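Reading through the C-alpha cells given below for one structure.
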RNA sequence: GGGCGCAUAGCUCAGUGGUAGAGCACUGUGUUGACAUCGCAGGGGUCGGAGGUUCGAACCCUCCUGCGCCCA
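Residue numbers (the UniProt record's numbering): 1 to 903.
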C-alpha cells in the first residue's frame, strides 16, 4: 500500500475499508511501548443493545482525537473499550423477542431466561463495536470488556461485599420509585418528571368524636391529585401555626369509604397558603408523606400499603378497604374513589364560570401536575414501600466533592462544577436493587427469619449463618453499579495493581453531560473509596448533537440523523472533522450538513495538494526535524508549520477541539495550499532551479507534518497519503508528532513573505476592481522603494509575476497616462493602464482606500490625544497605537498623492 | 420557585479589555494542467435591549427581553 501514484479522485470509502483492518490487525491501536509514559482513557461503554447514534459519533470522535494525539506524542496510549450489559434495556429486548413468539419471561426458569439473553448477546449484541470501527476509533479491542465478564462479576461482588462490610451498603425499608411497567425499583435518576394536565379533587374528611374547627365546621377539607391513595391515608396534616386547625390537632378524622380513624397531626409540611391548608397523608405512597409519617411516629414497617407490584389495589394491613375496590388498576381505582366520594356527599365540587357567564360545577379543579415517569418504560412511577439495598451515597460523595473542590479532578468546562456540587451535596441514598433477572445478582443470602448474610460465595454466607439453610436474594444490581467500576475493573482490578501500572487514575474522561450523575459521579465515588484516588484527572463534558432546527433528536420525533449514512455520503474523516470543529467546550452542536460537506471538500483539497506535490517529485520526508532552509519562502513555511503545531498543542492542553480543527484547517488550506504551493511553483517548474532540492525537501517535510497534525482528526486520508507519498519505516498512526522547536522560526523571512502576500493581494484586488481582464499580464513600476523592498522584489520576482500576473518589474518612472497605483508599505506600485483603465473607477478605488485609512487615523488620533489614555493605558498599548497611527498616516498620504497624480 | 446556559454577518458558529472573524450562502470573475468538491476578488454586522465600571467594553457588573436545559 505504499509509494504509488495518487489517484485523481479521492474515494473515502475505499480508503476507510482498507486502513482500519490494517491498523487493527497489526495491533497499532496499542503498540508495544514498554518505556513510554502510560496514558489512559476509558470509553463510556455503550449498551449491548445499542447502535451508533450521532451522540456516540461525537463522544467517540473527541476521544479518538485525544488518543491519536497522545499516541503520536509517544505515550503508551490505552483506550479501554467495551460494552455494558444494560440490565433493563437488554431484558426488555429479549422479552420483546419472546413476546413475538407468544412467550413471556416467566414461562422460563431464571437460568433458562438468562441463557437466552446470553444467546441474544452472542448473536446480535454489540453491533455498535463494528460501527465504532467505521468511525475510525482506535480503541484497544484486544482488551475488549463486557460488564458481565467473569472478572467483572468478581469485582462487582467484591465491591458489594466490601461496601457492606464498611457499612456503606445496607438494606432498608423505604419508599422506592417503583416502575409498575417493568416491575422493578429504579433510582431517582431514572425517573423523569413531566408536566401533564391533571385534576385537583377537594374532599371533606369528617372529624370524629364531635370535634369541630374554630369556625364550627365538623370536617376538614383536603385536596389531592391522587384521590385513590386515600384508601391508605394514615393522617391529616396541618401547619402547627395554623390557628384554623389548632383545635383539632391530636383529634381524629374518620375517613370516608374505609372508616379508618386517623389523627390530625401538626407538621410544617402543610402549607397554610395552599388550598385549605390541610393535607391528607399517605406515608406508604408519597415521598413527602413518608417523611411526615415518620415524624408523626409511624414506623415504615407499619405504613399501610394498598398497591401490588402491578399497581392494582390490594387490601391494607388493617383490612378496611371495601371489596369493591380490591383488584382495581390504580387509575380505575381513582375514578371509583371519586365516584364513591361524590355519592357519599364528601366531594366538594369546583365551580367555574362559563363563557356565557353561567356557573358550572365540576368534580375537580383542572390543574397541571408534575408526574414521574420511568425513563425506560415510560410508565407512571409509583412510590412504593419495599425492602431494597441502598448505597450510602452521601458518605461516598464526600471525597469526590473534595477532589473537585481542590482540583484533583478538573471539570471542563468549569461551569458544570456548580451542577455537580448541587447534586452531590443533596444526594439521596442510591437504591441499587433491581427486580430483574439479567444483571449482577446481589450476593446476599437470607435465612428463614429474613436475616441477610452478604458474602463472596454461598459457602461463606452459610458459614456466617452457622449452617442454616439459606436462599439467595432474587434481585440484581443497578447496571450503573457495575459501570461505576469501569475505570479499574476493566483493567484487571482487584487482581491487577492498576495504580502501580500507572493506569489509574485515568488521564481524562470524556462524556456527555447527561450522564454526569449516572456515571461520572458514581465512578468518582467508587474509585475514590475503593482505590483511594480519583478515577480520572480531568472530566471533559460535551453537549448534545441537535437537529438542524435546534430540536433534540429523538426516534419518536423522527428527526434523528444516522452517522453511518453521513459516513457513506461524506466519509468518516469529514464527519469527524465536523464533530471536532464544532466542539467548543460543551456547547450543544446543531447538525449542519453543509459543514460536513465543507470538510469533505477540505479533504479533497489536501488530496489534490498531495497529488500536485507528488507530480513534482515531492515525497516522504527523511527527517522528523525540519530540513535546512535558505530561501525566505521555505524558512517562512517551516516557521508557520511550527507555529501551527504549537497552536495545536495549546488547543489540546485546553481541550479546545474547535481551535485544533480551525488551526490545522487554516494552515493547510490558507497557508500551505493557497500560498506556499503557489509561491514555489516557479522553482518547481523551472528546469534545474538552484532552490529545487531544498524546496522539495521542505515541501515534503511540511506535507508530512500536515499529515501528522491532521491525523488525529482525519485518520484515514492522512494514513493513505502518508503511504502514497513514499516508503515509510512506520505507519502514520504510530509516527512522531511535529518537533516544534522555536529556533526554526525566522522573523525576517516571515516579514518578507508577509510583505509579498500583501503586495500580491493588493495588486490582485486593484486589478479586479478595475476590471482588468484576468489573463492580462501587465508591467509593474515601483516608486519610493527602500533598498530592502528593492531586494525583496528582486528575490521574489518570479513568484510576483506569476501570482499577480505581472510582466516585468521596473524601478524607472512609469509612463505618463492612466494607471493603477498600489500602496504597500513605503512604496507605491504603478501599473500603467493607458486605454484600459476606467479613471473614475480607479479614483473611486483609491478614495475608498484613502477614506478607510483616514478613518483609522482619526480614531487613533482621538485616542492618542486623550490624556487619560496616555496616563492610564499600559505603555505597550500606547506605543502600539502610535506605531499604527504613523503607518496609517503614511499610507493615507501616499494614497492621497496617488489620487493627486491621477488628476 | 431555585440553578445553569445561550442571544455576534442571510445560516451555523469562533472571539474574556485595545475598536469584529471563520465555514457555508451571496455577487463579480476565471488566467500557465494539483484541485470547478476549485482559484481570484467583493458585498454584508450600531455584537438582543438599557444602564454602569473603565482611558477604552462583543468581552467585566446590574437590570430587562427572548430562547433552551437541569432541579424542586
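Backbone N, C-alpha and C define an ideal beta-carbon position, used for all residues, glycine too. Predicted model, so just to flag it, every value in this text is computed and none were measured.
Alpha-carbon spacing of residue i relative to residue j, whole angstroms
i, j, result
"residue 164", "residue 41", "29 Å"
"residue 508", "residue 432", "27 Å"
"residue 502", "residue 39", "8 Å"
"residue 614", "residue 6", "8 Å"
"residue 701", "residue 721", "13 Å"
"residue 46", "residue 545", "17 Å"
"residue 908", "residue 890", "A query on residue 908 cannot be resolved here, the shown segment of the chain reaching from 1 to 903 and no further."
"residue 725", "residue 621", "9 Å"
"residue 846", "residue 796", "26 Å"
"residue 235", "residue 252", "9 Å"
"residue 912", "residue 864", "There is simply no residue 912 to check, as the chain begins at 1 and stops at 903 in what is shown."
"residue 485", "residue 147", "9 Å"
"residue 686", "residue 777", "19 Å"
"residue 707", "residue 71", "14 Å"
"residue 269", "residue 239", "7 Å"
"residue 692", "residue 549", "52 Å"
"residue 351", "residue 345", "16 Å"
"residue 285", "residue 347", "22 Å"
"residue 449", "residue 86", "33 Å"
Under 8 Å between C-beta atoms of residue i and residue j
i, j, result
"residue 633", "residue 591", "no"
"residue 854", "residue 576", "no"
"residue 187", "residue 473", "no"
"residue 819", "residue 800", "no"
"residue 828", "residue 764", "no"
"residue 373", "residue 364", "no"
"residue 28", "residue 624", "no"
"residue 658", "residue 553", "no"
"residue 719", "residue 731", "yes"
"residue 189", "residue 542", "no"
"residue 499", "residue 531", "yes"
"residue 159", "residue 526", "yes"
"residue 312", "residue 399", "no"
"residue 68", "residue 779", "no"
"residue 516", "residue 416", "yes"
Per-residue burial, residue i [other beta carbons within 10 Å of its own, 16 or more giving buried]
i, result
"residue 1", "Per-residue confidence for residue 1 stands at a pLDDT of 44, beneath the threshold of 50, marking its modelled position as unreliable; the derived number appears in the next sentence. Classification for residue 1: exposed."
"residue 318", "exposed"
"residue 696", "buried"
"residue 388", "buried"
"residue 293", "buried"
"residue 641", "buried"
"residue 767", "buried"
"residue 574", "buried"
Neighbourhood of residue i by C-beta distance below 8 Å, restricted to the same chain and skipping five residues each side
i, result
"residue 51", "127, 128, 131"
"residue 161", "443, 454, 455, 456"
Own chain, CB closer than 6 Å to residue i, minus 5 neighbours either side, in chain order
i, result
"residue 715", "136"
"residue 410", "538"
"residue 314", "308"
"residue 618", "696, 699, 700"
"residue 805", "777"
"residue 19", "716, 719"
"residue 441", "476"
"residue 680", "695"
Same chain, Cβ closer than 7 Å to residue i, neighbours up to 5 away in sequence not counted
i, result
"residue 677", "609, 612"
"residue 140", "29, 30, 78, 79, 80, 81"
"residue 850", "892, 895, 896, 899"
Give the list of continuous alpha helix (DSSP H) stretches no shorter than 4 residues that lie fully inside the region 227-274. none
Which whole runs of the beta strand (DSSP E) in the region 792-861 are 3 residues long or more, in chain order?
806-810, 819-824, 827-832
### Message
Suppose only complete runs of 4+ residues qualify. What are the alpha helix (DSSP H) ranges in the region 144-227, listed by chain order?
### Response
150-165
Query - Ranges of the beta strand (DSSP E) found wholly within the region 31-68, counting only runs of at least 3 - result: 38-42
Q) Residue ranges of each alpha helix (DSSP H) run of no fewer than 4 residues wholly in the region 750-797, ordered along the chain? A) 787-795
- Query: What are the complete alpha helix (DSSP H) segments, minimum 4 residues, inside the region 263-334?
  - Reply: 287-295
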